[in-house]
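Residue numbers for the sequence shown follow this note's numbering, so the first one is -13 and each next one is one higher.
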Amino acid sequence: MSAGNMRVCVRMLGHNLEAACTEASRDQMSIIELPLSDPPLCFSCCPLKGDILVGCNNKLILFCLKHLIVSQGLTALDFERSLILHTENVTPAEVAFCAEYVAVTTELEVLILKLEAGESVAGYSGQHAHRSLIPEKLIHEGVKEEADSNLPLESDDFVICQQPVELLGEECRQCGISVTLESTGLVSAEPHFQMQYILYRRFAPDLSSFIFSAEDARLHSLQLLPLYETGNSVTADGGNSATPKLLSLFCFFSLPHVGYLYTVGNLLELISTYQYSEKSQQAVLTPQFLHVITSNNLQCFTVRCSAAAARDEDPYIDTTLKACPPVSLGVCALRMQLFIGLKALSHFKNHVIVLTKADTEDVTERKKPSRRLLSRKTDVKSMDSEPGWNLYIVNTTSTLTLYREMVEYSKTYENVRTESCIHLLSEAHLLVRTALMDPDLKESEEKEDLLAAFRESCALLGDCYSRFNTKDFHLALPYYKMSGLSMAEVLKRVDSALEDKPQKHGKGFIFYLHHSLYEDLNEELSKELAAKVLQIFHLAEPNQMPHVICSPCTKNVCPKMAMEYLQQAEMLVPSVVVTLAKASMALKMGDQDGCKKELDRYAEMMLVCGFIVEPRLLRQQIKGQITPTELAVHLKETRPGFLVASLLALHENNKIELEEADSYIKMLSCNDEDAVPQLLVDFWEALLVACSNEEVVQELHFKLATQYIWRLSKKKLPDTKPLKSAEDLINSCGHYELIFPWVTFMTLLAPHSDQDFSEDLLKLQSLLCGPSFNIPSILPFVETLPEDTVTGLSIHVLCSTRLGQYETTIDQLLERCPEAIMPYAQHELKDDRQALWWNKLLPELCKRTRHAGDNSSILLSSLKETLSVIAMELELRDFLNVLPEDGNAAFFLPHLLQCSRRRLAT
């Protein structure tokens, strides 16, 4: 290092970082030494962060990778010994570490833990969901303590075989392996680690013969495989290692004759069990395949990792929108290649690397029988350099090539073994899905080919589920949706497949058509294809005929043909929906008398129920916009009340939202955007009568009040005759209250020219008199009503009164409509507001009477009546105190006499 031109730089972790980052060291290879107090037995490197886990006798040591900034633009890699996991009486054979998950195996035991950064919590309990699918018989009894200390576990005369067991979650604490965490990080700010148990499993040795060795029963090939979210790259970026977002994590381990694949991320589940035809020596798990070597064979199996990861990534994967082959799909052995003397196996992308030794009679492979089956110690043996070793790199078949081979092979089972055909196509689909989940896959021609293959595989699976009568026939719908095929293309595919096969359509295809027609797709079938759809349902499900005809997809169907099918359906399953559909078809043929005849067959309430069952008879959604049907336009012209009742029923049954109904009625009435048609006002009034939702009630209050005000201010008459009068609404709806007497009195004072708008005025006054109306919400609109008219003044005064502004209201009435002051005072100035008679009304009347002009008689009459009321309510002394000081005593004497007589009488 001192010479500056050494090709290798060796340093110990945490030391001499400056020398490692000098200008001369940029061409050097850096080696970092990790000192250990105990000899290492195995190790694992985290593929996400680069942390290293080293397995030693009775302990696991975690070294965390650090990216240290030495100077500006210059970083160095280093490690820090962060954590030691002390495991009593455990000598690890293999360890695996990924995304804070730790897996360790001995000869016959597997333990999976999860490390989490955070404060230490006593009695911490994990929250993972656990589900196990164990094919073989495992005894789930509580694991007893290790054998009594007086009885040794190992003996020359006995073989002690414990029972197989599987424990999940916190039950793993009963496994007999004690794990203690010791934090050794040097940075005080680093969080403490806490541990969560995931899985413990112990296997029993194969006792098929009395003479066997530990090699015949030992676990091997422990591996943690991560899958990342689609689009997350795992490549380095700008010199810093990018950390992809983990989607799913899988754990694999194997016995000589059987392998086990678990998902251990969001859900703990045994997803696959692999049975080998020969004793395995090593296995390597990849996202697409499981590669296994025996003494002379390289075997390849399918895996289900992408199926599990797809469900973690997309919560809608198993709905009518999307689908994916199940995780529990049977495992397939893809191919087997012969090698002589296979010894080791590795994998990189689409390459399999195998190491062989030609001499199969190598004496070093022969071992004496051993009975130390339950020891957690692992034998470490060395291999001398010998001739006959060979290294092979095998290119696996590309995804697209293998996909096409599997699709072609599946055709041999199309008409023989349905499940086998679906299984092969599902395998091909998963191959492509896995390739598309590769985070290193960039936008390229290869990705486009994979996407095309993915869509093709979905279409092929949709074909299978649509034709074959399997229990999962409903999957035809999501697979066809994922294929990107239009309904017309699907119809043509199915017709071409059945061209030479006189058989009826499968349940899956009917299910697909049924849902597609209900979903209001933005697709119009041709006249021929629409007729084909009607023919299919006429034979398969005639009761669905009206629903098929109401779909926008069959808009181009021949009305005459549709009427014939409906008449036949009515003979089989008569219903009000069929009758309404026939009325709709009669209108399309220009037969209004026929439409009226059909509508007259049922009472209107029964017809309303028919619209609830099939709302598309009244409105259809085309390209995201709701439009009225010809039947709705006809009802608007001939039976508007029935149409409003039908729309009200649709809203009350959550078939149409209030905003949708508003735009629908405006479109139906063909009015200007600013003008609100009377039919919409009729709908709001009917909905207010029936509605109990307070939020909707307040919205309707606002809509109706502002519309009434707009008509009154603009002197606009309704475009059609209202369905309900003010009296009808007051008698049927609690939100329309009886109008206050003083308001009615003021209304009668209005000139005859305002009588044409009396209904809107009465409805508005009745609405404002209701106790639940939110007056402040409409005050800006009330300002548009002039106060110089009696009708406008009545609304202003009514709003002020409802807001509690009584003194302001008295001034308004005395100024603009003194005739109404007494009816107003007698109705409003009561109880806690009674003092306004002598504190506000009397002084105002006295003042205005002195300077009265044309209204002198009205004011004088009001003053006399006010004095009469005050004389009856106040004591004589109080009465004298409220009289004006400069008044004429003779004028007040009759009222004084009345007050004194009342007092003498009592």
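C-beta atoms are modelled at their ideal positions from N, C-alpha and C, and glycine is treated no differently. As the structure is a computational prediction, the values presented were derived from the model and not from experiment.
Neighbourhood of residue i by C-beta, 6 Å cutoff - its chain only, sequence neighbours within 5 removed
i: V(-4); result: I17
i: S164; result: E74
i: F731; result: A806, P809
i: L585; result: A569
i: S174; result: Caution applies to S174, whose pLDDT of 49 falls short of 50 and renders its modelled position unreliable; the value that the coordinates give is listed next. Correct list: empty, nothing qualifies.
i: C581; result: A569, A572, L573
i: E643; result: none
i: E590; result: F628
i: S332; result: I339
i: H72; result: K45, T166
i: S502; result: M473
i: Q267; result: I279
i: T221; result: For T221, the predicted model reports a pLDDT of 41, less than 50, meaning its position is unreliable and no value from the coordinates is stated.
i: P121; result: In this predicted model, P121 has a pLDDT of only 39, less than 50, meaning its place in the structure is not dependable enough to derive any value.
i: V349; result: Any reading at V349 must be qualified, since the residue scores a pLDDT of 42, below 50, and its modelled position is unreliable; no value is offered.
Residue span of the beta strand (DSSP E) that contains residue i, given as start and end
i: E95; result: 95 to 103
i: E894; result: In the structure displayed, the chain extends from -13 to 892; residue 894 sits before or after that span and is not available.
i: S68; result: 60 to 73
i: L232; result: 232 to 240
i: H922; result: No statement about residue 922 is possible, as the shown extent of the chain runs from -13 to 892 and does not include it.
i: K710; result: Run containing K710: none; DSSP gives neither H nor E here.
Close Cβ partners of residue i (< 8 Å) along its chain, the five nearest in sequence each way excluded
i: L754; result: A691, I761, I781, L784, C785, R788
i: N639; result: I598
i: S620; result: The question names Ser, but residue 620 is His in the sequence shown. Only L573, Q578, C581 meet the Cβ criterion.
i: L634; result: F669, A672, L673, A676
Residue span of the alpha helix (DSSP H) that contains residue i, given as start and end
i: V480; result: 473 to 483
i: I496; result: 493 to 504
i: Q553; result: 545 to 558
i: C291; result: 291 to 299
i: M(-2); result: Run containing M(-2): none in the alpha helix (DSSP H); it sits in the beta strand (DSSP E), -6 to -2.
Nonlocal neighbours in the same chain, by C-beta distance under 7 Å from residue i, ignoring five residues either side
i: F759; result: H687, L753
i: V317; result: S258, Y260, F287, T288
i: V418; result: T385, Y389, L436, A439, F440, S443
i: V559; result: P528, N529
i: D449; result: R479, A483
i: M(-2); result: E19, P21
i: Q693; result: V662, V667
i: L799; result: V783, A806, I807, Y810
i: M392; result: L410, E413, A414
i: F239; result: T91, V96, L205, S207, L208, Y246
i: R625; result: none
Nearest neighbour of residue i, chosen from the options [CA to CA]
i: L939; options: E680, A672, Y694; result: Here the chain has residues from -13 to 892 only, and residue 939 is not among them.
i: V776; options: L765, I764, I184, E801; result: E801
i: D64; options: L51, G790, G596, W696; result: L51
i: H409; options: T383, L447, E429, E156; result: L447
i: T92; options: A103, N43, Q684; result: N43
i: I612; options: K652, V630, Q578, A631; result: K652
i: C832; options: L849, E429, L211; result: L849
i: T615; options: C536, D648, L828; result: C536
i: A516; options: K493, C544, S632, S699; result: C544
i: L771; options: L211, T733, R697, V855; result: R697
i: C677; options: D426, H637, V729; result: H637
i: E514; options: M547, L507, E623, E505; result: M547
i: F53; options: E86, G0, S396; result: Sequence inspection shows His at residue 53; the Phe mentioned does not correspond to that position. For the residues E86, G0, S396, the minimum Cα distance to H53 belongs to G0.
i: E95; options: Q148, C84, E102, P727; result: Q148
i: G251; options: C84, S632, E431; result: C84
i: R67; options: L427, F49, T398, F767; result: F49
i: G36; options: T795, H277, A82; result: A82
i: G492; options: E509, S452, L416, V476; result: S452
beta-carbon residue i near the ligand ZN non-hydrogen atom, thresh 7 Å
i: S744; result: This structure lacks the ligand ZN; in fact it carries no ligand of any kind.
Segment contact flag, the stretch 548 to 565 with the stretch 515 to 530, C-beta cutoff 8 Å, min 3 pairs: With a cut-off of 8 Å, the stretch 515 to 530 and the stretch 548 to 565 count as touching, because enough Cβ pairs lie within range.
Closer than 8 Å is the cut-off here; do at least three beta carbon pairs connect the stretch 490 to 508 with the stretch 455 to 465? yes
Could you tell me which whole alpha helix (DSSP H) segments of length 4 or greater appear in the stretch 581 to 663? Listed in chain order, the complete alpha helix (DSSP H) runs (minimum 4 residues) inside the stretch 581 to 663 are 590 to 599, 616 to 624, 626 to 638, 644 to 655.
Any chance the stretch 276 to 284 sits against the stretch 296 to 316, with 3 or more Cβ pairs inside 8 Å? no
Which complete alpha helix (DSSP H) runs does the stretch 788 to 876 hold, if anything under 4 residues is left out? You should have 792 to 802, 807 to 814, 828 to 836, 842 to 859, 862 to 868.
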